[in-house]
């Protein structure tokens, strides 16, 4: 005689495998969906990355388009020559290149040639002094050299009144306005120096294009005008440590100085 327990076991064993274990199909379904879900997630991530990358590129390009880059910005200073009142021989040079001097500081000594009209034949020695505070840009005549009246023996420049001069085409000028903020980078600078678009130098002389044909190179030179960039007040000390004549790169922010005079109108 079969017991109730044995009867239940026989019924259980007689059932099909999929009825005996109904959880297995569900597991197989979940496992079969995992690759599809994984592919979907990877696709979403790739699209998100592409979108972020596109936004970065667009932002970067827009930022680049807001700047005008001008190369070969030359640091410029107004020369102040210092010479003797008459001809003579330079006997002593008291300063060197890039020496900062105070107003009245001795720069050199010159033994002047005897004056035929003078009653005394005693050679006169003239001490050349700095007329204003400045920096020595050049020793024009070394000790032992001969100089004449008015010829520079020492050349100074005012290190507080330096500027950066850079050539620009008229197309570039159309994007600029006076007062725009800019930054200068180059030799001797560990970080960009803020400057301002001050003015554009007027073209001087008759238009050579109307007088004689020019080569393409000559035309390109003539059509470029000089943009003058001046250091901000808080950066004058930094710029004054640089040597005039060095070349730098200027990046001008065209988003600044809204409403100011267009540079192309100030070119004259």
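In my numbering, the protein residues as written are 1 to 268. Just so you know, even glycine gets a beta-carbon here, dropped at the ideal spot from N, CA and C. Given the structure is predicted, the values throughout are model-derived calculations rather than measurements.
If we call anything under 7 Å between Cβ atoms a contact, is residue 256 one with residue 180?
Yes; because the gap between Cβ atoms is below 7 Å, this pair is in contact.
First and last residue of the beta strand (DSSP E) that includes residue 74?
Per DSSP, residue 74 belongs to the beta strand (DSSP E) from 67 to 76.
Does the contact criterion of 3 or more C-beta pairs under 8 Å hold for the segment 143 to 152 versus the segment 77 to 97?
Yes, they touch.
Taking Cβ positions, are residue 252 and residue 68 nearer each other than 7 Å?
Their beta carbons are under 7 Å apart, which means residue 252 touches residue 68 by this criterion.
When DSSP labels each residue in this structure, what does residue 198 get in the three-state scheme?
Residue state, collapsed to three classes: strand.
Per DSSP, what kind of secondary structure is residue 234 in: helix, strand or coil?
Helix, per DSSP.
Cβ neighbours of residue 157 in the same chain (closer than 7 Å, five flanking residues each side left out)
Spatial neighbours of residue 157 in its own chain (CB-CB distance under 7 Å, excluding positions within 5 residues in sequence) are listed in chain order as 77, 78, 79, 80, 134, 135, 137 and 244.
Of all the options 199, 239, 202 and 177, which has the alpha carbon lying nearest to the alpha carbon of residue 192?
Out of 199, 239, 202 and 177, the CA that lies nearest to the CA of residue 192 is found in 239.
Decide if residue 95 is buried, meaning its Cβ has at least 16 other Cβ atoms within 10 Å, or exposed.
Flag for residue 95 reads buried.
For residue 182, collect the residues of the same chain with a Cβ closer than 8 Å to its Cβ; drop the 5 residues on either side in sequence, then sort them by chain order.
Around residue 182: 194, 195, 196, 197, 229, 250, 251, 252 and 253.
Residue range of the unbroken beta strand (DSSP E) whose run includes residue 251
First-last of the beta strand (DSSP E) with residue 251: 247 to 253.
Do you know how far the Cα of residue 224 is from the Cα of residue 202?
Distance between the alpha carbons of residue 202 and residue 224: 11 Å.
Quick one, which of 226, 168 and 125 has its alpha-carbon nearest residue 83's?
Nearest option by C-alpha distance: 125.
Beta carbon of residue 92 nearer than 7 Å to that of residue 143
When the beta-carbon positions are compared, residue 92 and residue 143 come within less than 7 Å of each other.
Nearest by alpha-carbon distance to residue 162: which of 108, 184 and 39 is it?
Ranking the options by Cα distance to residue 162, first place goes to 184.
Taking 7 Å as the threshold (beta carbon to beta carbon), is residue 80 in contact with chain D?
Here chain D cannot be found, since the structure has a single protein chain.
Have a look at 139, 106 and 117 and flag the residue whose alpha-carbon is nearest the alpha-carbon of residue 127.
Among 139, 106 and 117, the Cα nearest to that of residue 127 belongs to 106.
Following the continuous alpha helix (DSSP H) through residue 162, name the residue where it begins and the one where it ends.
Bounds of any alpha helix (DSSP H) do not take in residue 162, whose DSSP letter is neither H nor E.
Return the CA-CA distance between residue 174 and residue 168, expressed in angstroms with no decimal places.
Their Cα atoms are separated by approximately 10 Å.
I need the straight-line Cα distance from residue 258 to residue 66, nearest angstrom please.
One Cα belongs to residue 258, the other to residue 66, and the distance between them is close to 13 Å.
Residues near residue 264 in its chain [Cβ-Cβ closer than 7 Å; skip 5 each side]
Contacts found: 170, 173 and 174.
Once you ignore the five residues that flank residue 102 on each side, which residues in its own chain have a CB closer than 6 Å to its CB?
Cβ within range, chain order: 133.
Burial state of residue 177 (16 or more Cβ within 10 Å):
Buried is the call here.
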